[in-house]
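Counting in the numbering used here, the sequence shown runs without a single skipped number right up to 655 at its last residue.
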Amino acid sequence: MLHFKTIPEDYVRKAAQCAQVAIGCSRAAHQTALRGVTKPTPVLAALTPKVRAFVERSAALCQPDHVHVCDGSEAEASALLGLMQQQGTLKPLPKYDNCWLARTDPADVARVESRTFICTDRERDVVPAARIGQKSVLGNYIAPADYEKAVADRFPGCMRGRTMYVIPFSMGPVGSPLSKIGVEITDSPYVVYSMRVMTRMGSKVLEALRQDETFVRCLHAVGAGGVPGWPCDPQRTVILHRPADNEIISYGSGYGGNSLLGKKCFALRLGSVLARREGWLAEHMLILGITNPAGRKRYIAAAFPSACGKTNLAMMTPTLPGYKVECVGDDIAWMKFDSNGVLRAINPENGFFGVAPGTSAATNPIAMSTVFSNTVFTNVAETQDGGVWWEGIDTAPGKLTDWKGQPWDASKKTPAAHPNSRFCTPAEQCPIIDSNWESAEGVPISAILLGGRRPEGVPLVVEARDWKHGVFMGATMRSEATAAAEHSGKVVMHDPFAMRPFFGYNFGEYLKHWLSMPQAGRKMPKIFHVNWFRKSEQGKFLWPGFGENSRVLEWVLRRCDEEPCHQETPLGYVPKQGELNTQGLGDIDMKSLFSIPQDFWLKEADAIEKYFKEEVGEDLPKEMWTELETLRKNVKHS
Ligand code: GTP
Ligand code: SPV
Ligand code: MN
Numbered sequence: 018m019l020h021f022k023t024i025p026e027d028y029v030r031k032a033a034q035c036a037q038v039a040i041g042c043s044r045a046a047h048q049t050a051l052r053g054v055t056k057p058t059p060v061l062a063a064l065t066p067k068v069r070a071f072v073e074r075s076a077a078l079c080q081p082d083h084v085h086v087c088d089g090s091e092a093e094a095s096a097l098l099g100l101m102q103q104q105g106t107l108k109p110l111p112k113y114d115n116c117w118l119a120r121t122d123p124a125d126v127a128r129v130e131s132r133t134f135i136c137t138d139r140e141r142d143v144v145p146a147a148r149i150g151q152k153s154v155l156g157n158y159i160a161p162a163d164y165e166k167a168v169a170d171r172f173p174g175c176m177r178g179r180t181m182y183v184i185p186f187s188m189g190p191v192g193s194p195l196s197k198i199g200v201e202i203t204d205s206p207y208v209v210y211s212m213r214v215m216t217r218m219g220s221k222v223l224e225a226l227r228q229d230e231t232f233v234r235c236l237h238a239v240g241a242g243g244v245p246g247w248p249c250d251p252q253r254t255v256i257l258h259r260p261a262d263n264e265i266i267s268y269g270s271g272y273g274g275n276s277l278l279g280k281k282c283f284a285l286r287l288g289s290v291l292a293r294r295e296g297w298l299a300e301h302m303l304i305l306g307i308t309n310p311a312g313r314k315r316y317i318a319a320a321f322p323s324a325c326g327k328t329n330l331a332m333m334t335p336t337l338p339g340y341k342v343e344c345v346g347d348d349i350a351w352m353k354f355d356s357n358g359v360l361r362a363i364n365p366e367n368g369f370f371g372v373a374p375g376t377s378a379a380t381n382p383i384a385m386s387t388v389f390s391n392t393v394f395t396n397v398a399e400t401q402d403g404g405v406w407w408e409g410i411d412t413a414p415g416k417l418t419d420w421k422g423q424p425w426d427a428s429k430k431t432p433a434a435h436p437n438s439r440f441c442t443p444a445e446q447c448p449i450i451d452s453n454w455e456s457a458e459g460v461p462i463s464a465i466l467l468g469g470r471r472p473e474g475v476p477l478v479v480e481a482r483d484w485k486h487g488v489f490m491g492a493t494m495r496s497e498a499t500a501a502a503e504h505s506g507k508v509v510m511h512d513p514f515a516m517r518p519f520f521g522y523n524f525g526e527y528l529k530h531w532l533s534m535p536q537a538g539r540k541m542p543k544i545f546h547v548n549w550f551r552k553s554e555q556g557k558f559l560w561p562g563f564g565e566n567s568r569v570l571e572w573v574l575r576r577c578d579e580e581p582c583h584q585e586t587p588l589g590y591v592p593k594q595g596e597l598n599t600q601g602l603g604d605i606d607m608k609s610l611f612s613i614p615q616d617f618w619l620k621e622a623d624a625i626e627k628y629f630k631e632e633v634g635e636d637l638p639k640e641m642w643t644e645l646e647t648l649r650k651n652v653k654h655s
């Protein structure tokens, strides 16, 4: 068996000899280097020793024809675009400025949770006590020997005939004390181009590595197979994480979180492990700034599961007069208490990888004014005039080419755009990007929202009575499944803290980490649970959502000021009658929107108990059992 960590030295040396490296050169040189016809320019020596060792090992294992160290320049980006057009991966969208359409292999369209694993020596470090030795929805464990085997079965020679790209990238602004560095090695130009949007990447990161050599090793290969222009190996896809070695290895998929390894793999799975070790929080949360009519600005972080409204809330256009929302991030927050006891958050990303369907001038005008330049659209439909279309965009479809490249036939009822089709667009283009979005110290967080798609039983907004209760709310979050992962149907699934697919360690320990946050001198943000997705018996949304969610944020901010605009319920505090501003909204069925059906909540409490017992067991902090008993008692007496 070939161990990635123990590749024979002569193998490494041979690989280094064939490695041809281009860095920091002209566009023309890049072009030829990317096509692999240049003379070798061996500048591996310019890399720091650890990066160099990683590159050499990977080259020895994967045996690419060429190695290209990315500098992040414009010249490099345009050379990649040229190459991808030649290879049939991208086509231009002439209707817009520098926008591109990618169509994946139809088998490679979403995150693959079932093939995503965490490797540790002890299973219990990943899997809660109740599921040791069995399948766990809260942590997909792989033993070290199986990890090595998975790599050895897939990687040797997997980049033959291809170029291996080396992407030095920073999660968070380069130089921020909250940022971390990674190096992704990939054979996908699409991944390189996307990483240039989603992270800070290139020479400046290599420079930063000279100060501190610590980085996360990310190795990615698309594998053999797939359709022309989209190589992949869906049957053998695997996404591996070894937190103890700061290592991520991904094979077989070119899509989203499977391949842009800075995002879910690094910023959340490894991030959560680092965060616990170093006393901070790595969360699946948006960050927004909101200014009230008096000019007072505060920041809110919010955890909603995939495709449940983070991008939309982060870019919201408030309907309430005098309010302004600005965007810091739409998917991930790294948060740490500073020396003044204030929780500070950064967005470790540099772009938005956002869900296209449902995005329109009515729902998210800010996204609409962000995405029509310098953007890669993946799996959306194409219009005849070289534009894009997706379900819910609110323009007439006209004649379309669907996401599979076929003429779209509306009568067939198959969607023109894949439900998980996305745009990949630079954050700095967002017209409401917050002036502090790259602040090195992060923005101060006043409130944390949790939420999901709950068609039934769950009120529009509930405030936690205290931090512990808020942690319980996070631990018991559930949501309807979405197209962002490979689940089928609209089943309501447990998704604690919107992190179920992203925990890097034992969920029980994660809860203990959250419970350990309140400490002397710290100003704890208030925690709220929101639900924009409750439906009437006729199946219609009870709440208009989107910009109208500003009304909920207003109430949240008033509560942060300790205004007595709340009333107690068995679930926590909700707006006192008349205190949620619904002026001008027309007919809203507030009774249904805020009702707390006793039978529903007794069943919910039973479901939570079953979940705690069957999925967590002994690792569940006892505080969670106490909170569950409080919930049950409150509901019974209501
Ligand atoms: P990921 O990028 O997968 O993590 O998703 P996300 O949480 O950023 O979700 P996003 O904002 O892209 O929203 C996904 C879908 O939910 C889109 O189709 C939106 O139109 C819809 N949506 C977002 N906010 C609301 C809302 O307030 N009400 C309703 N009814 N739908 C919403
Ligand atoms: C999510 O699924 O939560 C996403 C998309 O943000 S992906 O990057 O594919 O994880
Ligand atoms: Mn997400």
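No residue lacks a Cβ here, since even glycine has one placed at the ideal position from N, Cα and C.
Keep in mind it's a predicted model, so treat the numbers as computed, not measured.
Query raised in the report: Name the DSSP bridge partner or partners of LYS341?
Result: The residue given as residue 341 occupies position 324 in the sequence shown. For LYS341, which the question treats as bridged, DSSP gives the partners THR308.
Report task. Indicate the three-state DSSP secondary structure (helix, strand or coil) for GLY346 in the structure shown. Result -> Residue 346 sits at position 329 when you count from the first residue of the sequence shown. GLY346 falls in the strand class under three-state DSSP.
Query raised in the report: In chain order, which beta strand (DSSP E) runs of at least 3 residues are fully inside the segment 252-323?
Result: Within the segment 252-323, the beta strand (DSSP E) runs of at least 3 residues that lie entirely inside it are, in chain order, 255-259, 264-268, 298-300, 302-308 and 314-320.
**Report entry** Cross-strand partners of MET510 (DSSP beta bridge)
**Finding:** Indexing the sequence shown from 1 puts residue 510 at position 493. The bridge partners DSSP lists for MET510 are SER496.
Requested in this report: Report whether the distance from the Cβ of ASP122 to the nearest heavy atom of the ligand SPV is below 6 Å.
Outcome: Within the sequence shown, residue 122 is the residue found at index 105, counting from 1. Taking the Cβ of ASP122 as the reference point, every heavy atom of the ligand SPV lies at 6 Å or farther away.
Query raised in the report: Does the segment 161-170 come within contact of the segment 184-193, defined as at least 3 CB pairs closer than 8 Å?
Result: Short answer: they don't touch.
Query raised in the report: Does any heavy atom of the ligand GTP sit closer than 6 Å to the C-beta of PHE321?
Result: In the sequence shown, the residue the question calls residue 321 occupies position 304. Yes; taking the cut-off as 6 Å, the Cβ of PHE321 has a heavy atom of the ligand GTP nearer than that.
Query raised in the report: Per DSSP, what kind of secondary structure is LEU118 in: helix, strand or coil?
Result: As a position in the sequence shown, residue 118 is number 101, starting the count at 1. Collapsing the DSSP output to three states places LEU118 in a strand.
Query raised in the report: Exposed or buried, GLU585, counting other C-beta atoms within 10 Å across all chains shown (16 or more means buried)?
Result: Stepping through the sequence shown from its first residue, residue 585 is reached at position 568. Flag for GLU585 reads exposed.
Query - CB of THR12 within 7 Å of CB of GLY243, strictly - result: Look at the range of the chain in this structure, 18 to 655, and you will see that residue 12 is not part of it.
**Report entry** Three-state class that DSSP yields for GLU224 in the structure shown
**Finding:** Locating residue 224 in the sequence shown gives position 207, counting from the first residue. The answer is helix: DSSP assigns GLU224 an H, G or I state.
Query raised in the report: Is there at least one non-hydrogen atom of the ligand SPV closer than 6 Å to the beta-carbon of ARG128?
Result: The residue labelled residue 128 in the question sits at position 111 within the sequence shown. Indeed, a heavy atom of the ligand SPV lies less than 6 Å from the Cβ.
Report task. Measure the C-alpha to C-alpha separation of TYR272 and VAL126 and round it to an integer number of angstroms. Result -> By one-based count along the sequence shown, residue 272 stands at place 255. By one-based count along the sequence shown, residue 126 stands at place 109. Going from the Cα of TYR272 to the Cα of VAL126 covers about 6 Å.
Query raised in the report: Using a threshold of 6 Å, is the CB atom of ASP512 nearer than that to any non-hydrogen atom of the ligand MN?
Result: Locating residue 512 in the sequence shown gives position 495, where the first residue counts as 1. Outside the cutoff, so no.
Requested in this report: Answer yes or no: the CB of CYS441 versus the heavy atoms of the ligand GTP, is any distance below 6 Å?
Outcome: Locating residue 441 in the sequence shown gives position 424, counting from the first residue. No, since every heavy atom of the ligand GTP falls outside the 6 Å radius drawn around the Cβ of CYS441.
Query raised in the report: Is DSSP giving ARG539 helix, strand or coil here?
Result: As a working note, residue 539 is residue 522 in the sequence shown. Annotated three-state conformation of ARG539 is coil, per DSSP.
Query raised in the report: Would the beta-carbon of ASP348 be found less than 6 Å away from any heavy atom of the ligand MN?
Result: By one-based count along the sequence shown, residue 348 stands at place 331. Yes.
Query - Validate contact between the segment 454-464 and the segment 359-368 using beta carbons, cut 8 Å, 3 pairs - result: Between the segment 454-464 and the segment 359-368 there are three or more inter-stretch CB-CB distances shorter than 8 Å, so the stretches are counted as touching.
Report task. May I have the straight-line CA-CA distance separating CYS344 from ILE450, to the nearest angstrom? Result -> Taking the first residue of the sequence shown as 1, we reach residue 344 at position 327. Taking the first residue of the sequence shown as 1, we reach residue 450 at position 433. Cα-Cα distance, rounded: 5 Å.
**Report entry** Contact the segment 103-117 vs the segment 398-413: 3+ CB pairs below 8 Å
**Finding:** With a cut-off of 8 Å, the segment 398-413 and the segment 103-117 count as touching, because enough Cβ pairs lie within range.
Query raised in the report: Could you give the C-beta distance for HIS237 and SER267, rounded to a whole number, given that I count them as a contact under 8 Å?
Result: Sequence index remark: in the sequence shown, residue 237 carries index 220 (1-based). Sequence index remark: in the sequence shown, residue 267 carries index 250 (1-based). Between SER267 and HIS237 the Cβ distance is about 5 Å, and since that is below 8 Å, they are a contact.
Requested in this report: Look at the alpha carbon of GLU640 and the alpha carbon of ILE605, and state the distance between them as a whole number of angstroms.
Outcome: For this step, residue 640 is matched to residue 623 along the sequence shown. For this step, residue 605 is matched to residue 588 along the sequence shown. Roughly 37 Å separates the two Cα atoms.
**Report entry** Beta bridge counterpart(s) of CYS235 as assigned by DSSP
**Finding:** Counting from one through the sequence shown, the residue named residue 235 turns up at place 218. DSSP lists GLU201 and ILE265 as partners of CYS235.
**Report entry** Residue environment, PHE514, which counts as buried when at least 16 other CB atoms sit within 10 Å
**Finding:** As a position in the sequence shown, residue 514 is number 497, starting the count at 1. With 16 or more other Cβ atoms within 10 Å, it is buried.
**Report entry** C-alpha distance - GLY89 paired with TYR164, whole-angstrom precision
**Finding:** The residue given as residue 89 occupies position 72 in the sequence shown. The residue given as residue 164 occupies position 147 in the sequence shown. Spanning the two alpha carbons is a distance of roughly 32 Å.
**Report entry** Nearest to GLU455 (by Cα), restricted to the options GLY174, ILE304 and PRO338
**Finding:** The count along the sequence shown starts at 1 and reaches residue 455 at position 438. Considering only alpha carbons, the answer is ILE304.
Requested in this report: Mind checking which residues open and close the beta strand (DSSP E) that includes SER187?
Outcome: Your numbering for residue 187 matches position 170 in the sequence shown. Run containing SER187: 180-188, per the beta strand (DSSP E) assignment.
**Report entry** Reduced DSSP secondary structure (H/G/I, E/B, other) of PRO109
**Finding:** Along the sequence shown, one-based indexing puts residue 109 at 92. In this structure, PRO109 counts as strand in the three-state DSSP scheme.
Query raised in the report: First and last residue of the beta strand (DSSP E) that includes LEU467?
Result: Taking the first residue of the sequence shown as 1, we reach residue 467 at position 450. LEU467: member of the beta strand (DSSP E) spanning 460-468, first to last residue.
Query raised in the report: How would you call LEU637, buried or exposed, if buried means at least 16 neighbouring beta carbons within 10 angstroms?
Result: Position 620 of the sequence shown, counted from the start, is the residue given in the question as residue 637. Buried, because 16 or more other Cβ atoms sit within 10 Å of the Cβ of LEU637.
**Report entry** For LEU417, three-class secondary structure by DSSP
**Finding:** In the sequence shown, the residue the question calls residue 417 occupies position 400. Strand at LEU417.
Query raised in the report: Under 7 Å between the Cβ atoms of GLY468 and VAL569?
Result: The sequence position of residue 468 within the sequence shown is 451, counting from 1. The sequence position of residue 569 within the sequence shown is 552, counting from 1. Going by C-beta atoms, GLY468 is not nearer than 7 Å to VAL569.
**Report entry** Residue of GLY409, GLU445 and ASN453 minimising C-alpha distance to ALA433
**Finding:** The residue given as residue 433 occupies position 416 in the sequence shown. Comparing Cα positions, the closest option is GLY409.
Query raised in the report: Going by the C-beta, is GLY274 closer than 6 Å to any heavy atom of the ligand SPV?
Result: For the purposes of this step, residue 274 is taken as residue 257 along the sequence shown, with counting starting at 1. Yes, Cβ of GLY274 sits closer than 6 Å to a heavy atom of the ligand SPV.
Query raised in the report: Looking at the structure shown, is THR387 part of a helix, part of a strand, or coil, going by DSSP?
Result: For the purposes of this step, residue 387 is identified with residue 370 of the sequence shown, where counting begins at 1. THR387 falls in the coil class under three-state DSSP.
Query raised in the report: Does the ligand GTP have even one heavy atom less than 6 Å from the beta-carbon of PHE558?
Result: Here residue 558 corresponds to residue number 541 of the sequence shown, with the count starting at 1. At least one heavy atom of the ligand GTP sits closer than 6 Å to the Cβ of PHE558.
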